[in-house]
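Residue numbers (this note's numbering), protein chains in the order written: chain Z, 856 to 1513; chain C, 664 to 851.
All C-beta atoms in this analysis are idealised placements derived from N, C-alpha and C, irrespective of residue type, glycine included.
Just so it is clear, the structure is predicted and the values come from calculations on it, not from any experiment.
Worksheet: one structure, shown below.
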Amino acid sequence: MIAELGLAALWLAAALAGLQLVAGALALSARGASLGGIVRPVAVVQGLLALIAFLSLVYLFAVTDLSVKLVAMNSHSLKPLIFRVAGTWGNHEGSMLLWVTIMGLAGGLVALIERRLPEPTMLATLAGQAFVSLGFYAFLLIASNPFERLWPVPQEGNGLNPLLQDLGLAFHPPTLYLGYVGLSIAFSFAVGALVTREVGPAFAKAMRPWVLGAWIFLTIGITAGSYWAYYELGWGGWWFWDPVENASLMPWLAATALLHSCSVLAARNALRAWTVMLGVVAFSMSMIGTFLVRSGILTSVHAFAVDPERGTFILALLAINIGGALTLFGLRARTVTEGERFAVTSREGALVFNNVMLSAILGIVLFGTLYPLLAESMGAKVSVGPPYFTPMSALFAVPMLVVLAVGPLLRWRRDKFSRIGKMMVIPAMLVVAGVLLTVMLGGVPLMPTIGLALALGLVWASVLPLEGRNLLRTPLPVWGMVTAHLGIAVALLGMSCESAFSVEKLVAIRVGETTEVGPWQIKLDAVEPVAGPNWTALEARLLMRYGDDGRVVELGPQSRSFWAPPQQTSESALLTRWNGQLYTVLGGEADAKDGRSRWQLRLWWKPFVTLIWLGGLMIALGGALALVGRVASDLRRIIARDKIEYRRERQGRAGRYS
Amino acid sequence: MSTDSTPEPMRKAPRWAIWLPLALFFAFVVLVSVQLRNPADTNVASTLIGKPMPAFDLPPALPGRPGLSSAAITDGKPHLVNIFASWCVPCGVEAPQLAALARSGVPIEGISVRDRTEDLQVFLKTNGDPYQSIGADDDGKVQLALGSSGVPETYVIDGKGVIRYQHIGEIREDQVPMILGKLQEAAQ
């Protein structure tokens, strides 16, 4: 019953999306203008219907209704409630339903509150949003119906894989989806603006909260994903340039560029065509990312949810949406009137530089990710890894970070470097000090040296925009910018320290023996078997002492054997101090020549590695501060507008009756 | 440039630049749709096909049985060299097919990779023993030298010691005639 309700709601939502598209498009012409009034309410109802469909599926998963195929395939009545609920989007069909639900609700919200733009642009925007949604509805209803029934009803569900019962895995995909969907709204705004050629500050201001929101979620998603790979895979690295990682990085790069060009457009009415194109590109990157991950076209360590049929469908959607939008862009870009002019040395100039560099990095990552495909189509098998990605992206990231130090201090339109020269003295000295320090320490490769020095200078430079301001009266968006830029500096510091000063050691020692890594003394106290619900493991008891007089701390890395399916995993054990992390992995048993076996231990001391993720979170926090500031001022404006309307209405009535 | 002059106008992008994103995107779509049609082959084929097998001389894996050397197989007749291990589950799956091939008179030589004598004996007892000789490749070096990336893999070696065919993964029932065909080709 609930399944049929959900399916009916989904069909209705799809039908309303069709209506929203047709009515929105017709209302743009003079004859269909009367249809314009229904577009906004339809968008709201469409979002609510999608929500009803999604909640029905959540309910089916929560009660484990095994007559529904999707539930039977992916759930199990013995799972804890939180994982039964999270299981709703832990599969292809459910995650697509979550996607259209978020998209529908976001579209409804836009329809409900956004009144700054000229009405034709709004209609075109909502029609564009409906067009994108319609593709996903078709995908769901035709190729992956989540409510399909199963007969005969099985006794129990299939999905009791404890490996997937992980809170991180349960909430990681929705975080990224929120990011992707936020970018779909930006995409619709861009399409709407292209259709009516209304590209201006109002457009940028309407689009900005959505870009900011998307960007915050993408930042959190990437940071969390990086930490997950770091502690779960047991390889001691925090970024692998894996296709799936790149798929989440590319929309982030595009969204970062879009965010900055949006600011220029909102404040100065410049960079019009460029901002519109970035709006299209940012969403394209999230769809291309989804496609690359879902179609299994690239070989990745994250091989899940892979199906070439679905790949073809997503590719078709991609081609229609993105190809259509880029064609529209090609036709309209030259007729979008030129924006305001500005000098090279100006805030705009710095932001343009930021945009160009970010786009270059995006291009490099995209090319590196697709290169194996290109090579394979010519008959060669290659894989592209860090030796390509790291230096190539640093080539553009370093100049960008230098400009990041200066840009926020420049004035809009036109400025002189001599005005801000004095402020740059301390950051420049910090950079020099950083270089000297690393050269004196010796043995640090070039890239971490540059990163370290730059990060030290940036820490200082990023807070300079607050200088001379009354901190209590400083607008939240400025706080947000400072926090995010400081976050970049902190993350860069963490990355550079990690690659410059990490100590790695692979030893084979007997129980009772001691080894050293960095400042740590580590004693292998015992190796004991432990058992879990579906695995057995050998756990090493390590006693560790920091320096000569530190307290003794215990850690227990495990080497786990699962039996269904049979699989060996290493459970790393981490110890975090303020100045770094000790990372321990228990390997196998080495040859036992004299009867006393030796154990392989892989140990890393990674100074300041945690700054990488702290920096990531600071970047997201900066975005959140800016978003709160913008939304609060928007709300104040909406309330003021309503008050004015209310007074006018009352005065009008008073006039009539007097 | 002087910062005091009037701001320079942003030069408009040339016409072709406006269409560049679409062109790149179109190239991407073409590339991936071609690739979607031809699913990637994740097997790593040995580059040694058509070349003489590398020289090796493996000690016997079982006491009282012959080991395996490259010279011993170069006797003018085609041989099947099967790389396997007792710890490899699909190796048990292909055992009946190997037995069938052995019954039809194919000389099958085994290379057991990183194995223990006791385990190997148990494995052969449960799955049957189609091998004329079994060499023990305890460090996997010969397996690597042959260009094999996993177990089981099976090579067709002709009478001159040239690798003619590499079969990656277990031999399934319907593949037995194909293997016999390859052996016949190698015999000519």
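Answer yes or no: does any C-beta atom of chain C fall closer than 8 Å to that of residue i?
| i | result |
| --- | --- |
| residue 1159/Z | Summary for residue 1159/Z: the model assigns pLDDT 42, below 50, so the residue's position carries little reliability; its value from the coordinates is reported in the next sentence. Not one chain C Cβ lies under 8 Å of residue 1159/Z. |
| residue 1155/Z | Confidence in residue 1155/Z is poor, its pLDDT being 45 and thus under 50, which makes the residue's placement too unreliable to answer from. |
| residue 1231/Z | yes |
| residue 1054/Z | no |
| residue 1132/Z | yes |
| residue 921/Z | no |
| residue 1049/Z | no |
| residue 1228/Z | yes |
| residue 867/Z | no |
To which residues does DSSP link residue i through a beta bridge?
| i | result |
| --- | --- |
| residue 747/C | 775/C |
| residue 1010/Z | Bridge partners of residue 1010/Z: none, in fact. |
| residue 732/C | 720/C |
| residue 1432/Z | 1435/Z |
| residue 715/C | 825/C |
| residue 830/C | 817/C |
| residue 1399/Z | 1377/Z, 1408/Z |
| residue 1440/Z | 1457/Z |
| residue 1360/Z | 1458/Z |
| residue 923/Z | 1004/Z |
| residue 1426/Z | 1413/Z |
So, is the C-beta of residue i closer than 8 Å to a C-beta in chain Z?
| i | result |
| --- | --- |
| residue 843/C | no |
| residue 698/C | yes |
| residue 664/C | Confidence at residue 664/C is low in this model, with a pLDDT of 36, below 50, so the placement of that residue is unreliable and no value is reported for it. |
At a CB-CB cut-off below 9 Å, which residues of chain B make contact with residue i?
| i | result |
| --- | --- |
| residue 1136/Z | Among the protein chains of the structure shown, namely Z and C, there is no chain B. |
List the endpoints of the continuous alpha helix (DSSP H) containing residue i.
| i | result |
| --- | --- |
| residue 947/Z | 947-968 |
| residue 1123/Z | 1098-1123 |
| residue 1340/Z | 1331-1356 |
| residue 900/Z | 891-917 |
| residue 1219/Z | 1202-1232 |
| residue 780/C | 780-790 |
| residue 1087/Z | 1056-1088 |
| residue 939/Z | 936-941 |
| residue 1274/Z | 1272-1275 |
| residue 1190/Z | Unbroken run through residue 1190/Z: none, as it is neither H nor E. |
From which residue to which residue does the beta strand (DSSP E) around residue i run?
| i | result |
| --- | --- |
| residue 1454/Z | 1453-1462 |
| residue 1195/Z | From DSSP, residue 1195/Z is part of no beta strand (DSSP E); its letter is neither H nor E. |
| residue 1378/Z | 1375-1386 |
| residue 798/C | 796-800 |
| residue 1237/Z | Residue 1237/Z -> no beta strand (DSSP E), and no H or E assigned at all. |
| residue 1370/Z | 1369-1372 |
Less than 7 Å separating the Cβ of residue i from some heavy atom of the ligand FMN?
| i | result |
| --- | --- |
| residue 1075/Z | Summarising the ligand content, the structure contains no ligands, and the ligand FMN is consequently not present. |
Counting pairs of beta carbons, one from the stretch 904-922 of chain Z and one from the stretch 930-938 of chain Z, are three or more of them closer than 8 Å?
yes
To be precise: take each residue of the stretch 682-696 of chain C, compare its Cβ to all Cβ atoms of chain Z, and keep it if any distance is under 8 Å. Which residues remain?
682, 684, 685, 688, 689, 691, 692, 694, 695, 696
Would you call the stretch 977-995 of chain Z and the stretch 877-886 of chain Z touching, i.e. three or more CB-CB distances under 8 Å?
yes
Stretch pair the stretch 1247-1259 of chain Z + the stretch 1196-1211 of chain Z: three plus CB contacts closer than 8 Å
yes
Using 8 Å as the cut-off, can you tell me whether the stretch 889-897 of chain Z makes contact with the stretch 993-1013 of chain Z, which would need three or more C-beta pairs spanning the two stretches below that distance?
no
Which residues of the stretch 1163-1194 of chain Z have a Cβ closer than 8 Å to any Cβ of chain C? Give them in chain order.
1163, 1166, 1167, 1170, 1173, 1174, 1177, 1178, 1181, 1182, 1184, 1185, 1188, 1189, 1193, 1194
The stretch 1311-1323 of chain Z / the stretch 1464-1475 of chain Z touching (three or more Cβ pairs under 8 Å)
no
What residues in the stretch 1195-1224 of chain Z bring their beta carbon closer than 7 Å to a beta carbon of chain C?
1196, 1197, 1198, 1199, 1200
Decide yes or no for the touch test of the stretch 1099-1106 of chain Z against the stretch 1168-1187 of chain Z: beta carbon pairs closer than 8 Å, at least 3 of them.
no
Assess, as a yes-or-no matter, whether the stretch 759-776 of chain C is touched by the stretch 717-737 of chain C under the definition of 3 or more beta carbon pairs within less than 8 Å.
yes
Report yes or no: do three or more beta-carbon pairs, one from the stretch 1491-1510 of chain Z and one from the stretch 1392-1406 of chain Z, lie closer than 8 Å?
no
Please confirm if the stretch 1321-1339 of chain Z is in contact with the stretch 1356-1374 of chain Z, defined as three or more CB-CB distances below 8 Å between the two stretches.
no
Take every Cβ of the stretch 1070-1079 of chain Z, pair it with every Cβ of the stretch 1033-1040 of chain Z, and state whether three or more of those distances are shorter than 8 Å.
yes
Count the CB pairs spanning the stretch 956-965 of chain Z and the stretch 1036-1048 of chain Z that are closer than 8 Å, and state whether there are at least three.
yes
Evaluate contact between the stretch 1307-1314 of chain Z and the stretch 1343-1359 of chain Z, counting only Cβ atoms and requiring at least three cross-stretch pairs below 8 Å.
yes
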